[in-house]
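For the protein sequence lines, the chains are B and R, in the order given. Heads up: the first sequence begins at 1 in the UniProt record's numbering, then just goes up one per residue. Heads up: the second sequence begins at 1 in the UniProt record's numbering, then just goes up one per residue. Ideal placement from N, C-alpha and C gives every residue a C-beta, glycine not left out. All values derive from a computational prediction rather than experimental measurement. In what follows, a structure is listed as structure tokens, so that the remarks can point back to it.
Protein chains: 2
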Amino acid sequence: MPPQTGNRPGRTIRSVKIAFNIIEVLKDQNDVGVTELANELGHSKSTIHSHLRTLEEIEILVREGDGYRLSLQILDMANHVRDHAGNYEVVQNEVESLVEETGEIAHFGIEEYGQVAYLCKATGEQAVETASRVGTRQPMYSTSLGKAILAYLPDSHQEAIVDTMEFVSKTPKTISSREELYAELDRIAEQGYALDDEENIEGLRCVAAPVRNGPKVLGAISISGPSSRFTDERLHGELSDSVLRAANVIELNTKFS
Amino acid sequence: MPPQTGNRPGRTIRSVKIAFNIIEVLKDQNDVGVTELANELGHSKSTIHSHLRTLEEIEILVREGDGYRLSLQILDMANHVRDHAGNYEVVQNEVESLVEETGEIAHFGIEEYGQVAYLCKATGEQAVETASRVGTRQPMYSTSLGKAILAYLPDSHQEAIVDTMEFVSKTPKTISSREELYAELDRIAEQGYALDDEENIEGLRCVAAPVRNGPKVLGAISISGPSSRFTDERLHGELSDSVLRAANVIELNTKFS
DNA sequence: TAAACCTGTTCCCGAGAGGGGAACCGATGA
DNA sequence: TCATCGGTTCCCCTCTCGGGAACAGGTTTA
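Set out below in structure tokens:
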């Protein structure tokens, strides 16, 4: 099975998409009713109605007030996802210990659909609050996590991902071309860790180290903080040391999988 | 909109159910392929195939190794669910502070589909490990959380739930009839908190207090521990005091919603 | 080396699923 | 009392989508 990034067409099922559109809407707004959903999604009331019935029967949705909300079954699903996505206990532990060491923000992310998805996060006392949430995704070229992962992916997979990239500049420093990215990836492969120098969010710098298991890249772990505290010296010194150590701990504890 | 407990028929959509069956299977086992799913669910390979395509396109599933797994998008959904399900921050806080006080296990649960669903959980140092997981459900009649909630639900809603109950004895002490339950609910309504005296798990006792907002019951909060440490005296003394206090804190912080 | 066998994938067909429109009903409120 | 707005039901007609079968690629077996 080849690594899949671009969207292959093939047959696709309409009603399932409708169902997930409903879920998507319900994710953000509670207490939405049939009529409102019908308008928002451009379907007839009867269609939405039978979908809601179905989702209610599967116990994914719950009626509440005058509308629906997602049921706690989602939380159970989330637990399973975490359990299956590598060695969650260890990862969470290391992310937290990074925070204890530094007082900043730490993340662990994996590649999904050509982007980095955050698997866990911890924030320290003095941490700058970023909008990152567990489960959300960011471009790989503008984050230290993404670049760290990308740099160690097998060539074919790396290329497949880069090919689908559209370089959107989130700050003046964001990498904006394939060539620039490849050059950066070479540098990362050499030094063993990746930086993000205000490339994703103005004023925010990060260091990330890849977590590997043999030839496979499982993900990456990072620390982020304000440029004022994240000087070049610290980035290339204690901070990179910290993430490398954390990555190593995870690797050692994952040898079995 | 009346409180819904029994399953009303109405039109229901087949393909959506199939899709969620797939997800259900994938929740427990990773690396399942088309053929295996087809056999397990009793559908043709082509059917499963197009479903997988669809779920992959919506980015709910990810190919990994030679099979599929659920994507981290589920984690994002879970975050939203928590955010919407009442004042999660405060609840989690109180659950944790109960654990700090007692060193045992604390839960917060809400009613869903006539059962109690755990919204959060914290375990202390000396806690007995129970199988309870966030997002999973338990019968209301055999748990302190369930009984606490039930006792304070409006009569119509209470009755609707009780009507659908099938009393399964999980231990010799489990409540096993409607009459017994109603008697117990009266007692609870009087004393303000609910007990579970080895009714759900042998050797485990729990105290729970309802969390209310005006006339509405938002859920309940509980402490659980081994019968050896949870004497009658402590249950009706410090432990019930603790859960009542915790419930009260949550109530005060939820006045706005 | 070929044959048997296992995947995942594609193609096509026909039944019935499901999307939509319109009528209906119950609650709210003017 | 009537108008309005929500959810629900009913029915029809189309086109979706489930299934069977053939195909393709990789791996094991003889």
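Tell me, to the nearest whole angstrom, how far the beta carbon of residue i is from that of residue j; I am working on the premise that it is less than 8 angstroms.
i: I223(R); j: V207(R); result: 6 angstroms
i: R240(R); j: Y193(R); result: The question names Arg, but residue 240(R) in the sequence shown is Ser. Yes, they are in contact, since the Cβ atoms of S240(R) and Y193(R) sit about 5 angstroms apart, within 8 angstroms.
i: H80(B); j: D28(R); result: 7 angstroms
i: A78(R); j: A78(B); result: 4 angstroms
Use the C-beta contact count for residue i: other C-beta atoms within 10 angstroms, 16 or more gives buried, fewer gives exposed.
i: D196(R); result: buried
i: L55(B); result: buried
i: S71(R); result: buried
i: L252(R); result: exposed
i: R187(B); result: exposed
i: K147(B); result: buried
i: G10(R); result: exposed
i: P215(R); result: exposed
i: K45(B); result: exposed
i: P139(R); result: buried
i: G67(B); result: buried
i: A117(B); result: buried
i: I13(B); result: buried
i: D76(R); result: buried
i: E238(B); result: exposed
Skipping 5 residues on each side, what residues in its chain have a beta carbon closer than 8 angstroms to that of residue i?
i: I175(B); result: Y141, S142, F167, L181, E184, E199
i: V25(R); result: V32, L37, E40, L41
i: V217(B); result: E111, I149, Y152, L153, P210, V211
i: S15(B); result: H51
i: T47(R); result: I18, A38
i: A85(B); result: I110, L119
i: L235(B); result: L195, R205, V207
i: T254(B); result: G86, N87, V90, V211, N213, L218
i: H49(B); result: V34
i: Q73(R); result: E59, I60
i: S177(B); result: F167
Using a cut-off of 8 angstroms between C-beta atoms, extract the partners of residue i located in chain R.
i: K173(B); result: Under the 8 angstroms cutoff, chain R gives no residues; its nearest Cβ is about 27 angstroms from K173(B).
i: F20(B); result: I58, I60
i: T123(B); result: Simply none; closest approach about 14 angstroms.
For residue i, collect the residues of the same chain with a Cβ closer than 6 angstroms to its Cβ; drop the 5 residues on either side in sequence, then sort them by chain order.
i: K170(R); result: S142, N200
i: Q191(B); result: none
i: N30(R); result: R69
i: F230(R); result: R205
i: A246(R); result: E94, L98, I221
i: P2(B); result: Unreliable positioning characterises P2(B) in this predicted model, as indicated by a pLDDT of 36, which lies under 50. The coordinate reading is nonetheless provided below. Here the set comprises nothing.
i: H43(R); result: none
i: K121(R); result: H107, V134
i: G65(B); result: D31
i: I105(R); result: T123, A127, S224
i: V249(R); result: E94
i: F20(R); result: none
i: Q92(R); result: C120
Just the chain B side, please: which residues come within less than 9 angstroms of residue i by C-beta, in chain order?
i: S71(R); result: V81, E112, Y113, A117, G135
i: L195(R); result: Within 9 angstroms Cβ-Cβ: nothing; L195(R) doesn't reach chain B, min ~24 angstroms.
Report the neighbours of residue i on chain B: residues whose CB is nearer than 8 angstroms to its CB, in chain order.
i: H43(R); result: By Cβ distance, chain B contributes nothing, its closest Cβ being about 12 angstroms from H43(R), past 8 angstroms.
i: S50(R); result: G10, R11, T12, I13
Short of 7 angstroms in beta carbon distance, which residues of its chain neighbour residue i, apart from the five on each side in sequence? Order them along the chain.
i: E125(B); result: G103
i: S242(B); result: L98, E101, T102, I223
i: G203(R); result: P226, S227
Taking 6 angstroms as the cut-off, is the C-beta of residue i nearer than that to any heavy atom in the ligand COA?
i: L37(R); result: Inclusion of the ligand COA in the displayed structure is not the case, the ligand content being empty and no account of it being possible.
Along chain R, which residues have their Cβ under 7 angstroms away from the Cβ of residue i?
i: A189(B); result: What A189(B) touches in chain R: nothing, since even the nearest Cβ is about 24 angstroms away.
i: residue 260(B); result: One cannot answer for residue 260(B) here, as it falls past the ends of chain B, which runs 1 to 257.
i: N30(B); result: H84
Selection of the stretch 140 to 170 of chain B by Cβ proximity to chain R, strictly under 9 angstroms: none
Residues of the stretch 201 to 215 of chain R with Cβ closer than 7 angstroms to any Cβ of chain B, in chain order: none
Residues, ordered as in the chain, of the stretch 219 to 245 of chain B that lie near chain R by beta-carbon distance below 7 angstroms: none
Within 8 angstroms of chain R by C-beta, residues of the stretch 75 to 108 of chain B in sequence order: L75, D76, M77, A78, N79, H80, V81, R82, H84, A85
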